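The structure appears below as structure tokens.
Residue numbers (full-length UniProt numbering): 1 to 128.
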């Protein structure tokens, strides 16, 4: 049991987060409704917070710009092998530039625990 605890603190077997979206292509001003899927690891862990950023990636210089950030304080115990769903809603701005070969977009999700490493997830989307 002690070995499992220390390996999860290093990120091996810790709880994971995955942003589940209904599709990959969205229109400007569209409401995106999905959910965060949290899967428990090999031990129980105390979840502290979920952060999700909408990021624009400029391929010409490989720069990233955070367009919007949202944070949820969760304060929830995730038990071993437990699955939890938390709702996610986001409305795209009417003036957001569409995706091109020079730029793309993604949601970067970060799950923070009271102890241990941070679990991250990237979900690329296309804006038309």
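Every residue gets a Cβ at the ideal spot worked out from N, C-alpha and C, and that includes glycine. Every value quoted in this text rests on a predicted model; they were computed, and no experiment measured them.
- For residue 67, same chain residues with a beta-carbon under 6 Å away, outside a window of 5 residues either side, are 54 and 56 in chain order.
- Residue 60 is bridged by DSSP to nothing; it lacks a bridge partner.
- Per DSSP, the continuous beta strand (DSSP E) segment holding residue 86 begins and ends at 83 to 91.
- In the DSSP annotation of this structure, residue 114 is not part of any beta strand (DSSP E), being labelled neither H nor E.
- Residue state for residue 45 is assigned as strand, using DSSP reduced to three classes.
- Counting the other CB atoms within 10 Å of its CB gives residue 119 a total of 16 or more, which places it among the buried residues.
- Leaving aside the five residues that flank residue 91 on each side, the residues in its chain whose CB is nearer than 6 Å to its CB run, in chain order, 31.
- Counting along the chain, residue 33 sits inside the beta strand (DSSP E) bounded by residues 31 to 39.
- Rounded to whole angstroms, residue 96 and residue 28 show a C-alpha spacing of 7 Å.
- Contact between residue 78 and residue 47 holds: their C-beta atoms lie close to 6 Å from each other, under 8 Å.
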